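Novice:
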Amino acid sequence: MADYLFTYGTLRLNQSQPIIDFLSKSATLVGLAVISKAQLYKNDWYPVLVETNNEYDEVVGDLYELNHESALQIIDEYEGIGIGDMPYEYRRNKVKVKTEQEELETWVYFYNKDLPKGAVLIGSGDFLNP
159 MADYLFTYGT LRLNQSQPII DFLSKSATLV GLAVISKAQL YKNDWYPVLV ETNNEYDEVV
219 GDLYELNHES ALQIIDEYEG IGIGDMPYEY RRNKVKVKTE QEELETWVYF YNKDLPKGAV
279 LIGSGDFLNP
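For the sequence shown, my numbering assigns the number 159 to the initial residue and increments by one for each residue that follows.
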């Protein structure tokens, strides 16, 4: 069974982070997807994704199919999972996302701390088109 990764911010297509080069070699872009029961906030220059109970809260992102299992370990390191003191800034969970063709279970990185003061809701749910 394939592993998928939903990206909603600095890991999205055409972003300038060095990890994007790794992702482009380690995964295949499936296309756009939507996650429900989530909101996206801008914290300084990067986004934070938080879970909600509202099915109408949606976030848009890119869905990748990972080409090898070790990719998640490298992306965990980029997201700061396992580095520094707990709780880590992000946590990785499996959730369902909707694509144009189907619903898939995928990995996603949720913000794992209290929402930072000054974080601004991205009302469109799309980091690239706020």
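Note that CB positions come from ideal geometry on N, CA and C, so glycine has one too.
Given the structure is predicted, the values throughout are model-derived calculations rather than measurements.
According to DSSP, is S228 helix, strand or coil?
Specialist: Taking the sequence shown and counting its residues from 1, the one referred to as residue 228 is at position 70. Three-state result, S228: coil.
Novice: Looking only at its chain, what residues have a beta carbon closer than 8 Å to the beta carbon of G189, apart from the 5 residues adjacent to it on each side?
Specialist: As a position in the sequence shown, residue 189 is number 31, starting the count at 1. Result list for G189: D220, L221, T257, E258, in chain order.
Novice: Helix, strand or coil for E223? Go by DSSP, reduced to three states.
Specialist: Locating residue 223 in the sequence shown gives position 65, where the first residue counts as 1. The answer is strand: DSSP assigns E223 an E or B state.
Novice: Can you find the residues in the same chain that come closer than 6 Å, C-beta to C-beta, to S194, ignoring five residues on each side of it along the sequence?
Specialist: Taking the first residue of the sequence shown as 1, we reach residue 194 at position 36. Answer for S194: E213, E216, listed in chain order.
Novice: So, is Y162 buried or exposed, given that buried needs 16 or more other C-beta atoms within 10 angstroms?
Specialist: Position 4 of the sequence shown, counted from the first residue, corresponds to residue 162. With 16 or more other Cβ atoms within 10 Å, it is buried.
Novice: Beta-carbon separation of Y267 and L207 under 8 Å?
Specialist: Numbered from 1 along the sequence shown, position 109 holds the residue referred to as residue 267. Numbered from 1 along the sequence shown, position 49 holds the residue referred to as residue 207. Yes, the pair counts as a contact, with Cβ atoms nearer than the cut-off.
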